[in-house]
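Accompanying notes for the structure given below.
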């Protein structure tokens, strides 16, 4: 039987869990984050989307007070993010590349993090260790990238922190562990915890988030409910035929039809596929390949320019 997670104590602030106003960070002549203003509500699972190099990790370092902004402000649960000691009493953080004390065992690391963190649910932590199939008896020096990530995730989700900041948290996890991660995010929501999830994986954000902010080259492109984000979804289709390919011009949901020669077509499909499948069925199809584009490819289509 699963342990019932202890509800998270409410933050003393009644305002947003995260709020930034004109947040900007420059490194010399390079602007990593530019005039970022957003608000994340308490208890919300908020996705922070963007291709690699968009400025997501820089924004998180600003929220954690690890670097100072060049301009603007960032507040975490009503506290200036620059007041690291006070702000970190109310949050837990999982980085994309977890570094652990190499000579400590997994059990020792979880105990240490539990003592210095903002409260702990021991029964829930024990359940998470089992669910993530984590061997706590080994020293961290022997852990793979995925196992190091598991330690950080267990430590974060077991905490009673009102705010969880997760930066590419599933890096190194296999698909089964990614599924456990998604379950944990749902359980964090039931504990009234706010989850700020930075990711470049559209499917991951789609599965767990309420709202998302889209960042590109350091600037906020838009903030949308997850249902609105689904309009970005499409499928790349490539089909081969023994005879002439069908005419898909003007067909609903079909975008960017490209004749590859040799009776081959490539196109993008958005929305229900029924009409397209019917059209393909009327031709002598020899092969069909379908894939979802990467988030970076979608961004290039919708917003143009480079994604760096």
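Residue numbers (the numbering used here): 3 to 310.
Note that beta-carbon positions come from the ideal geometry of N, C-alpha and C, so glycine has one too.
Counting other Cβ atoms within 10 Å of its Cβ, residue 50 reaches 16 or more and is therefore classed as buried. In the three-state reduction of the DSSP assignment, residue 160 falls in the coil class. Within 10 angstroms of the beta-carbon of residue 179 lie 16 or more other beta-carbons, which makes it buried.
Given a length threshold of 3 residues, each whole run of the beta strand (DSSP E) inside the stretch 5–83 is given here in chain order: 20–29, 32–42, 47–51, 73–78. Rounded to whole angstroms, residue 54 and residue 30 show a C-alpha spacing of 20 Å.
In the same chain as residue 98, and ignoring 5 residues on each side of it, the C-beta atoms closer than 6 Å to its own belong to 169, 170, 173, in chain order.
Going by DSSP, residue 129 is part of the alpha helix (DSSP H) stretching over 124–133. Residue 152 and residue 101 have their alpha carbons spaced roughly 12 Å apart. By DSSP's assignment, residue 292 forms a beta bridge with 239.
Nearest Cα to residue 284 within the set 262, 37, 247, 162: 247. In this chain, the beta strand (DSSP E) harbouring residue 169 covers 165–169. Closest in C-alpha terms to residue 58, from the list 82, 167, 291, comes 167. Ranked by Cα distance from residue 198, the first of 147, 211, 223 is 211. The alpha carbon of residue 196 has as its nearest neighbour, out of 165, 220, 213, the alpha carbon of 165. The beta carbon of residue 63 sits closer than 6 Å to those of 69, all from its chain and outside the five residues before and after it, given in chain order. As the crow flies, the alpha-carbon of residue 20 is around 15 Å from that of residue 194.
By the beta-carbon neighbour count (other beta carbons within 10 angstroms, threshold 16), residue 144 is exposed. With fewer than 16 neighbouring CB atoms inside 10 Å of its own CB, residue 39 falls in the exposed class. Taking C-beta atoms as the reference points, residue 257 and residue 272 count as a pair closer than 8 Å. Beta-bridge partners of residue 99 (DSSP): none assigned. Remark: three or more beta-carbon pairs, one from each stretch, lie closer than 8 Å, so the stretch 104–112 and the stretch 126–143 are flagged as touching.
For residue 93, the three-state secondary structure derived from DSSP is strand.
Residue pairing by DSSP puts residue 200 in a beta bridge opposite 50, 169.
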